[in-house]
Amino acid sequence: MVSADLTQTASDVSSKGSSNVPLATAGLLIGMLLSVLDQTVVAIALPDIAAELGGMDAIGWVVTSYLLASTATGTLYGRLSDRFGRRTVFLAAIAVFVAGSALCGLAQTMPQLIAARTLQGIGAGALFVLPTIALSELYPPRLRSRIQGFTGGVFALASVGGPLAGGAITDAWGWRWIFYVNLPLGLLAMALVALALRLPKTGGYGRVDLAGAVLIAGATVSLLLVAEWGGRTYAWNSGVILMLIAALVVLGALFVWRERHAANPLLPLWLFADPTLRVALPATALLGALLGGSIVYLPTYLQAAYGMGATQAGLALNPYVLTFMAVTSLVGARIGASGRFKPYLLAGSLIAVLGFALLSLLQPDTPYALLAVGIGVLGVGFGLLMQNLVVVAQNAVSPADLAATTSATVSVRGLGMSLGVAVFGSLLTRELQGQAPGPQATAAAIPDVLFWGAPAALVLVALLALLPRTVNDPQIRSGEATA
């Protein structure tokens, strides 16, 4: 039934001489895949990169620079696409991403590689945000949850498959090809979107709030650096951390002031008057933290506890990926039209509590079959939560605010993921203090770190309990179904 709906929708839209929905969808999803894949694909190649380029003391910035750039720019792209059009901004962003990828492959020094990764991240900031917006406009509201379920599947596949793909490519052709493979895929996405995507501009001709974008980017970078460096690279009471905290407070206050007075604000503050968004945005940030912490440290546990290589560890996460993808697809098909998201979101958060509780019980000699059950449970919980929270936020606003709301939701989740990785990393560092370094100590410590996911997920349960019972798209409420 859903397949027929999608086919009919594609036929309806194409017949109006606008977008070719199947081709546009393919191009957007390829861009989304690339943006998420490059968050993780490089991790497995870091030793090879350091061996060739040197600069081992700065190797972490190969990952961090990309995350900072993509997270800090995500909010801006929604408003830019309102002003200049989804297709134009997506094409520009993926061109920047492809250029950055080429420069990464050509880098001869560590500073060159970090600069190229920053450029790549600036382009990547659009490649999850804009497809999430555009796909919600290509398909009618009754299918929105189903379509966003596909994006959740892409996210899960790319997040967990990144190290697996990175290891295979590095072993076969060398680390530079991790970046070169982005070129044909990026160009394919550009061609499909240029040919097939036709959506109207929705934001009129007002100025883009560049001052607000600079302020929120500065605040975001300050927050991420505090989380990344605090208690590890620098003491919490060090001058560097205190200055970053001060910058965060000042830039955050200036951003709020700016958004109150801007004619065309980057993030309209009136959105926070909506009771749904007041719950959905912090819940999305918390979910992002749980996603980030678990995705990063589960492969590490598999390698430390079971002696797996990177490829084996990636394959061993299949129970997580497959359940995540199946649930996002099946559940999205059931709840999109009814607007009854709350029971599924509550169920997902409770299942996430159970998943983290099971993983906290792991021992170095736990059979893999029991671990597979735990990560499968976690996949079910996250599958019920991830994209449905995006749809809940989208359905709470009018079409005019769709881009700003989607950008904020996706960016908040990305910020939460980065913070989750940093916080879980700090917890792991604390657990390993005073112990002899090695796989056994790491395998014993990671379950204790994952334990903290359970109370965090309980907070998520409490947040989601505050959601309204149903959240219907304003277009549905007014009887205006869009194709």
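Heads up, the sequence shown is in full-length UniProt numbering, so the first residue is 1 and it goes up one at a time. Beta carbons: idealized from backbone N, C-alpha and C, even for Gly.
In the structure shown, the three-state DSSP call for residue 234 is strand.
Boundaries for residue 270: no alpha helix (DSSP H) harbours it, and the DSSP string shows neither H nor E there.
For the options 221, 238, 316 and 399, the alpha carbon positioned closest to that of residue 163 is the one of 316. The DSSP assignment places 182–196 and 210–229 as complete runs of the alpha helix (DSSP H) inside the segment 182–234, in order along the chain (cut-off: 4 residues). Leaving aside the five residues that flank residue 284 on each side, the residues in its chain whose CB is nearer than 8 angstroms to its CB run, in chain order, 389, 390, 393, 409, 412, 413 and 416.
Counting only residues of its own chain and dropping the five nearest sequence neighbours on each side, residue 251 has a CB closer than 6 angstroms to the CB of 215, 218 and 219. Between the alpha carbons of residue 308 and residue 314 lies a distance of about 9 angstroms. The closest CA to that of residue 64, considering only 463, 227 and 436, is found on 227. The beta carbon of residue 80 sits closer than 7 angstroms to those of 89 and 208, all from its chain and outside the five residues before and after it, given in chain order.
The beta carbons of residue 349 and residue 196 sit no closer together than 7 angstroms. Under the DSSP assignment, residue 239 falls in the alpha helix (DSSP H) whose first and last residues are 239–261.
Pairing residue 459 with residue 427 gives a Cβ-Cβ distance that is not under 7 angstroms. Around the beta carbon of residue 447, 16 or more other beta carbons sit within 10 angstroms, so the residue counts as buried. If you look at residue 453, you'll find it in the alpha helix (DSSP H) that goes 453–464. For residue 366, there is no enclosing alpha helix (DSSP H), since its DSSP letter is neither H nor E. With respect to the C-alpha of residue 193, the residue from 373, 166, 95 and 273 having the closest C-alpha is 95. For residue 429, the uninterrupted alpha helix (DSSP H) segment begins and ends at 402–432. Here DSSP, grouped into helix, strand and coil, assigns residue 383 to helix. The C-beta of residue 323 has 16 or more other C-beta atoms within 10 Å across all chains shown, which makes the residue buried. Of the residues 461, 246 and 363, the one whose Cα lies closest to the Cα of residue 279 is 461.
If you check the CB distance, residue 75 and residue 122 do not come in under 7 angstroms.
Around the C-beta of residue 299, 16 or more other C-beta atoms lie within 10 Å, and the residue is accordingly described as buried. For residue 190, the number of other beta carbons within 10 angstroms of its own is at least 16, and it is reported as buried. Residue 225 holds the alpha-carbon nearest to the alpha-carbon of residue 248 among 229, 233, 225 and 232. One thing to note: residue 147 has its Cβ no nearer than 7 angstroms to the Cβ of residue 45.
For residue 139, no alpha helix (DSSP H) segment is defined, and its DSSP state is neither H nor E.
If you keep only unbroken beta strand (DSSP E) runs of at least 3 residues inside the segment 313–353, you get nothing at all.
A Cβ-Cβ distance of about 6 angstroms is found for the pair residue 127 and residue 97, placing them in contact under the 8 angstroms criterion.
The C-alpha of residue 257 lies about 20 angstroms from the C-alpha of residue 401. Residue 51 sits in a helix when the DSSP states are folded into three classes.
Separation of the CB atoms of residue 212 and residue 255 is rounded to 6 angstroms, and the pair is thereby assigned contact status at 8 angstroms. Going by DSSP, residue 112 is part of the alpha helix (DSSP H) stretching over 110–124. Relative to the Cα of residue 37, the nearest Cα in the group 158, 51, 386 and 120 belongs to 158. If the five residues before and after residue 262 are omitted, its C-beta is found closer than 8 angstroms to the C-beta atoms of 209, 211 and 212, all from its own chain and listed in chain order.
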